[in-house]
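Some notes on the structure that comes next.
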Amino acid sequence: MVLRRLYENALAAITLILLVALVLGGGLLPRVFRLSSAIWGIADGEADLTRRVSMKGKDELTEMAEGVNRFLARIQELVSDVKESAESAAGQAQAQGDISRSAVAAVNRQEQEVADVSGTMDAMSRSISEVAENIQDI
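Going by the numbering used here, the sequence shown opens with residue 6, and the numbers climb by one from there.
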């Protein structure tokens, strides 16, 4: 009788273990592996932020997949904002460079014009000096 009861308990325990293994192995573990594989697939590769984890159901794993997808969407949005800011900054830097080159060209033209006026003034001064000398000679 004790042996029979021990045998029945052992059989029940083995049956329970097999049922748990079937539930975990047949339903949960493959989904965990699929979620893990999807996340690693996104992380490895070229970190494609447009990819999403696809899981169906109404359990914790599906919620995790949705959380990962929401996180990826936010990161994608941040990267997009940073890209737009960098492009805008590059455009502004280009415009500032153009303005600076234009200002340098204007300063160079003014410098040349001042040099031309200075040369003309020197020539006029020499000419006036010669005229003054010629007048004194008369």
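Glycine residues also receive a C-beta, built at the ideal position from the N, C-alpha and C atoms.
None of these values were measured; they are calculated from a predicted model.
Proximity of residue i and residue j at Cβ, strictly below 8 Å
i	j	result
V73	I104	no
V58	A70	yes
I19	L54	no
Per-residue DSSP class, three states only, for residue i
i	result
M129	helix
G62	coil
T67	helix
D86	helix
T55	coil
D49	coil
Sequence-distant residues of its chain with Cβ nearer than 8 Å to residue i (five each side left out)
i	result
T67	M60 and K61
Close-in-space but distant-in-sequence residues of the same chain around residue i (CB under 7 Å, 5 per side omitted)
i	result
L40	V58, M60, L66, M69 and A70
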